[in-house]
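The opening residue of the sequence shown carries number 176 in my numbering; numbering runs sequentially from there.
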Amino acid sequence: MVNGTFFFLITAIGMIRFEDFYTKLHIGSKCLTGGGISILLGIIFLKGFSLYSLKLGLIIVFLIITNPITTHAIARAAYYSDNENKHKIYLVRDDLKEKSIGELQ
């Protein structure tokens, strides 16, 4: 559980320190997933293996599956939105510049 608290502390520091939306989204998704999983695993080991720990295990699987998908969806929506802060985005290579919203490749 200390490991999960460390992840959440790093997330809070990153949210304050980073300026760009995409870097804040990155630190939020990575560290909150790691922190949530660490805390849930700590609770599983603390309570022992039972039906309760099975439910927490399902929550861990849900976090592992949904957090990257939602982060990608939020980043894609932010990229295609008409945002007045687009000049603050520092992309080294923009692969999506010539593509329309509906294209797959």
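Note that the Cβ used here is the ideal one computed from N, Cα and C, for glycine as well.
Classification of Gly-223 by the beta-carbon crowding that lies within 10 angstroms, buried from 16 upward:
exposed
Check each candidate in Gly-211, Leu-233 and Phe-196 and name the one with the smallest Cα separation from Phe-182.
Gly-211
Please name the residue, chosen from Gly-217, Met-176 and Thr-246, that lies closest to Lys-199 on a Cα-to-Cα basis.
Thr-246
Please name the residue in Arg-192, Ile-202, Phe-193 and Ile-235 whose C-alpha comes closest to that of Ser-213.
Ile-235
Would you report the Cα separation of Ile-185 and Leu-231, rounded to the nearest angstrom?
24 angstroms
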